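All residue numbers for the sequence shown refer to the working numbering, where the first residue is 1 and numbers rise by one. Where is the CB? At the ideal position from N, CA and C, for every residue including glycine. Here the structure is a predicted model, which is why all the values come from computation and not from measurement. The next block holds one structure in the form of structure tokens; read it before the comments.
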Amino acid sequence: MSDKKFETAAIRHQIERSSQKEHSAPIYMTSSFKFEDAEDARALFAEEKEGNIYSRYSNPNTDEFIQKLCLLEGGETGMAMASGMAAMFTSLAAFLSSGDHVVASRSLFGSTHQILTKLLPKWGITHTFVDTTDDDGWEKAIQPNTKMIFLETPSNPALDLIDLEFICKLGKEKGIIVNVDNCFATPYVQNPIKFGADIVTHSATKFIDGQGRAIGGAIVTSEELFPEIKFMARHTGPSMSPFNGWLLSKSLETLAVRMEKHSENALALAQHLEGSAGLKQVRYPFLASFPQYELAKKQMRTGGGIVTFELEGGIAQGRRFLDALEMISLSANLGDTRTIATHPASTTHSKLSEEEREAVGITAGLVRVSVGLEHLDDIIADIEQALNKSK
Ligand SMILES: *Cc1c(COP(=O)(O)O)cnc(C)c1O
């Protein structure tokens, strides 16, 4: 961790100024960098010295982004990635070989699920899913060839939490790499490395960008594990562009204030909705009625920006509710300044059977709200009028 506080590191960590003495870091749109002489070129390629060679390997803007994110997560080093999925895939592929096994939380981002179930088996890598709330399940799922534990907490969209201290201890005992997708929480809300995680992966597209503009991702880890990730990334090319590195590094400057406000609005919305007629269950990690409230308080700084609730009228009412919204956007994204509502059962998770959906906590009437930064009164008013119209 930096000796500076979170907000200060996020704002003040900056690449070296150029001869122009710019205050805010400029964009280095260049594919390659010049060598001083033949010896400099040789030493850089031999990794005897650090420096930029080619933007697929490193670039000042993506360096600033990843160095800052490492400070905020408490990691030693890492790599900026073109997307969240590039980060997920690279962090898996770098360590797994034919015959290896992965234990993963059952509730995973859709494309991560596809990597584990459709792509990794092509290379002889198997997996076992564990129900998020089944603490005993993790140890039971571990096999002699288990190489990695991969998880998301809070889960999407059910918001189930996994005890990071417990999982990281289990991983250490068994010598298994623990990889946490921390996209939902962001480094402001939760730092898995502090609990012992070996790798933290991110989609920077969500709350890190925070304004729905760019796709990006990141892997944060230790010096010990980094060489495999660096080798895989350098030679397969999932690098972040300098422009996105510049943009997302600026985004990190405001992450703390944005996450505070997202969380404040989300908690207030959840408290307001709790007990409303026509709603079966309102879920938010920092709501006192949340089943894992104590765990949320232990491992999260705030409850984050996502609230879910359950409409009594199931799929049909879920669709009527979305159609009745006037301001709140219908979009697949989350972590935006704009509040976004989704109905997983009829969209993102419609291909799953009802049983499969139930297993990951997606009931027919579940609505997920990514609470934005608009005025709370306007967010509440839109949800109330849509609830009334869709009854
Ligand atoms: C969006 C998301 C991803 C994928 O990130 P992209 O930037 O879209 O590639 C991975 N994990 C979680 C939890 C996500 O929400």
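Comparing C-alpha positions only, which one of V307, A345, K261 and G314 sits nearest to F290? Residue mapping note: residue 290 aligns to position 290 of the sequence shown, counting from 1. With distances taken between Cα atoms, F290 lies closest to V307.
Note the first and the last residue of the continuous alpha helix (DSSP H) segment covering M79. Here residue 79 corresponds to residue number 79 of the sequence shown, with the count starting at 1. That residue, M79, is in no alpha helix (DSSP H); its beta strand (DSSP E) goes T77 to M81.
Would you call the segment 235-250 and the segment 45-65 in contact, with 3 or more CB pairs under 8 Å? yes
Verify the contact flag: C183, CB atom, against every heavy atom of ligand 3, threshold strictly below 6 Å. What this structure holds is ligand 1, not ligand 3.
Shortest alpha-carbon distance to R106 belongs to which of S58, K261 and I162? Residue mapping note: residue 106 aligns to position 106 of the sequence shown, counting from 1. With distances taken between Cα atoms, R106 lies closest to I162.
Are the CB atoms of V178 and I142 within a distance shorter than 7 Å? Taking the sequence shown and counting its residues from 1, one reaches residue 142 at position 142. Taking the sequence shown and counting its residues from 1, one reaches residue 178 at position 178. Going by beta carbons, I142 and V178 fall outside the 7 Å limit.
Considering only the alpha carbon of each residue, which of V102, K172, D160 and I167 lies closest to N145? As a working mapping, residue 145 is identified with position 145 in the sequence shown. Nearest of V102, K172, D160 and I167 to N145, Cα basis: V102.
Let me check you understand the geometry: is the CB of T205 closer than 6 Å to at least one non-hydrogen atom of ligand 1? As a first step, residue 205 is located in the sequence shown; it is residue number 205 there, counting from the start. It does: the Cβ of T205 is within 6 Å (strictly closer) of some heavy atom of ligand 1.
Got a sec: does ligand 1 put a non-hydrogen atom nearer than 6 Å to the Cβ of G245? Here residue 245 refers to the residue found at position 245 when the sequence shown is read from its first residue. Not under cutoff, so the answer is no.
Measure the CB-CB distance between N265 and L376 and report whether it falls below 7 Å. By one-based count along the sequence shown, residue 265 stands at place 265. By one-based count along the sequence shown, residue 376 stands at place 376. Judged by beta-carbon spacing, L376 lies within the 7 Å limit of N265, meaning their Cβ atoms are closer than that value.
List the endpoints of the continuous alpha helix (DSSP H) containing Q14. Residue numbering aside, residue 14 sits at position 14 when the sequence shown is read from its first letter. Element bounds for Q14: n/a, residue is neither H nor E.
Is there at least one non-hydrogen atom of ligand 1 closer than 6 Å to the beta-carbon of S83? Taking the sequence shown and counting its residues from 1, the one referred to as residue 83 is at position 83. Checking the Cβ of S83 against ligand 1 gives yes.
Closer than 6 Å: is that where the CB of G305 sits relative to any heavy atom of ligand 1? On the sequence shown, position 305 is the one that residue 305 refers to. Outside the cutoff, so no.
Among the residues of its own chain, which have a CB less than 7 Å from the CB of R17, if the five just before and after it don't count? By one-based count along the sequence shown, residue 17 stands at place 17. Nothing meets the Cβ criterion.
Look at the alpha carbon of A270 and the alpha carbon of K280, and state the distance between them as a whole number of angstroms. By one-based count along the sequence shown, residue 270 stands at place 270. By one-based count along the sequence shown, residue 280 stands at place 280. If you draw a straight line from the Cα of A270 to the Cα of K280, it is about 13 Å long.
Closest residue to L72 among V371, S241 and D3 (Cα-Cα distance): Locating residue 72 in the sequence shown gives position 72, where the first residue counts as 1. Comparing Cα-Cα distances from L72 to each of V371, S241 and D3, the minimum goes to D3.
Smallest Cα separation from C70: which of G361, F226 and S19? One-based indexing of the sequence shown puts residue 70 at position 70. Checking every option, the nearest Cα to that of C70 belongs to F226.
S276 versus E384: straight-line alpha-carbon distance, rounded: Counted from its first residue, the sequence shown places residue 276 at position 276. Counted from its first residue, the sequence shown places residue 384 at position 384. In this model, S276 and E384 are separated by some 9 Å (Cα to Cα).
Starting from K280 and walking both ways along the alpha helix (DSSP H), at which residues does that stretch end? For this step, residue 280 is matched to residue 280 along the sequence shown. Counted as a single uninterrupted DSSP element, the stretch harbouring K280 is not any alpha helix (DSSP H) but the beta strand (DSSP E) occupying residues L279 to R283.
Segment limits, alpha helix (DSSP H) that includes S111: Locating residue 111 in the sequence shown gives position 111, counting from the first residue. Element bounds for S111: G110 to Q114.
Whose CA, out of G216, A233 and K261, lies closest to the CA of S241? Mapped onto the sequence shown, residue 241 falls at position 241. Answer by Cα proximity: G216.
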